[in-house]
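Participant: The sequence shown runs 1 to 171 under the UniProt record's numbering.
Ideal Cβ placement from N, Cα and C applies to all residues, glycine included.
From a predicted model like this one, the values you see are computed outputs, not experimental measurements.
Encoded as structure tokens, here's the structure I'll be asking about.
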Amino acid sequence: ASLPLVACYPLAKRFTDYPQLVLGLTFNWGAMVGFAAAAGVLDLHVAGPLYGAGVCWTMVYDTLYAHQDKNDDATLGLRSTALTFGEETKPILYRWTAGFYAALCAAGYGTGYDGALYYLGCTAATGHLLWQVQSANLNDPDNLAYRFKSNNVTGLLVLGSIMAGNITTSL
């Protein structure tokens with residue numbers, strides 16, 4: 001089911017102002033596949049929000065990343081959310097970050113996580129994304145590269161949240 005997305009992504013910068021969204025939809029399809037493989041069934045009450053959280057996260061980190069290339073992209077006639085959002089990038093990315101948090105919370109609710117640790121971890125992961133957006137200098141490639149590379153922390157916080165949710169719910 002992800003094959004059309006995989007085929008479209010390399011061309012996305014040529015036909016849409018939102019190639020980062022195409023990347024998010026493509027890259028995070030693994031959340032659906034992985035959930036179905038691990039659970040033996042695709043529970044959209046959990047996998048759907050988890051997929052949505054991944055798409056939102058990708059929109060944040062890849063839009064920040066795209067700001068490194070915005071001048072070259074404009075010269076080459078390529079498109080990106082960095083160019084589309086322009087000066088409104090940060091306010092828009094704050095909304096995508098809110099979507100990330102809401103989707104993670106919805107996934108936890110769908111899973112039946114009843115302990116606070118999962119939600120505290122989601123809050124920490126969201127705080128890390130908020131830090132990236134707030135502290136990003138959209139005209140400094142080194143600053144943006146540092147924030148992009150820090151997404152391993154976001155991923156570890158999400159993983160830790162899921163692990164904590166599984167442990168505290170099974171107690």
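Please classify Ser135: does DSSP put it in a helix, a strand, or coil?
Facilitator: Along the sequence shown, read from residue 1 onward, the residue named residue 135 stands at position 135. Helix, per DSSP.
Participant: If we require 4 or more residues per run, which alpha helix (DSSP H) segments fall completely within the stretch 103–159?
Facilitator: Taking only runs of at least 4 residues, the alpha helix (DSSP H) segments lying wholly in the stretch 103–159 are 116–135, 141–149.
Participant: Quick check: what's the CA-CA separation for Cys56 versus Thr97?
Facilitator: As a working note, residue 56 is residue 56 in the sequence shown. As a working note, residue 97 is residue 97 in the sequence shown. When rounded, the distance between both Cα atoms is 7 Å.
Participant: Three-state secondary structure (DSSP) at Ser80?
Facilitator: Counting from one through the sequence shown, the residue named residue 80 turns up at place 80. If DSSP states are grouped into helix, strand and coil, Ser80 belongs with coil.
Participant: Does the Cβ-Cβ distance between Leu122 and Gly108 come in under 9 Å?
Facilitator: For the purposes of this step, residue 122 is taken as the residue at position 122 of the sequence shown. For the purposes of this step, residue 108 is taken as the residue at position 108 of the sequence shown. Sequence inspection shows Cys at residue 122; the Leu mentioned does not correspond to that position. Against a cut-off of 9 Å, the Cβ pair of Gly108 and Cys122 comes out as a contact.
Participant: Looking at Lys70: is its Cβ nearer than 9 Å to the Cβ of Ser80?
Facilitator: Translated into positions along the sequence shown, residue 70 becomes position 70. Translated into positions along the sequence shown, residue 80 becomes position 80. Closer than 9 Å, so yes.
Participant: With Val41 as the anchor, note down where its alpha helix (DSSP H) starts and where it stops.
Facilitator: Residue 41 sits at position 41 when you count from the first residue of the sequence shown. Taken as a continuous stretch (DSSP letters only), Val41 belongs to no alpha helix (DSSP H), as it is neither H nor E.
Participant: Between Tyr101 and Glu88, what straight-line distance do the alpha-carbon atoms span, to the nearest angstrom?
Facilitator: On the sequence shown, residue 101 is found 101 positions in, with the first residue counted as 1. On the sequence shown, residue 88 is found 88 positions in, with the first residue counted as 1. So the alpha carbons of these two residues sit roughly 21 Å apart.
Participant: Do the CB positions of Leu23 and Ala12 come within less than 9 Å of each other?
Facilitator: Here the question's residue 23 lines up with position 23 in the sequence shown. Here the question's residue 12 lines up with position 12 in the sequence shown. Their beta carbons are under 9 Å apart, which means Leu23 touches Ala12 by this criterion.
Participant: Consult DSSP for Tyr18 and reduce its assignment to one of helix, strand or coil.
Facilitator: By one-based count along the sequence shown, residue 18 stands at place 18. DSSP places Tyr18 in coil when its eight states are reduced to three.
Participant: Please confirm if the stretch 148–163 is in contact with the stretch 125–138, defined as three or more CB-CB distances below 8 Å between the two stretches.
Facilitator: Segments in contact, yes.
Participant: Using only the alpha-carbon positions, how far apart do Ser135 and Tyr146 sit?
Facilitator: What you label residue 135 is simply residue 135 of the sequence shown in a count that begins at 1. What you label residue 146 is simply residue 146 of the sequence shown in a count that begins at 1. Roughly 11 Å between the two C-alpha positions.
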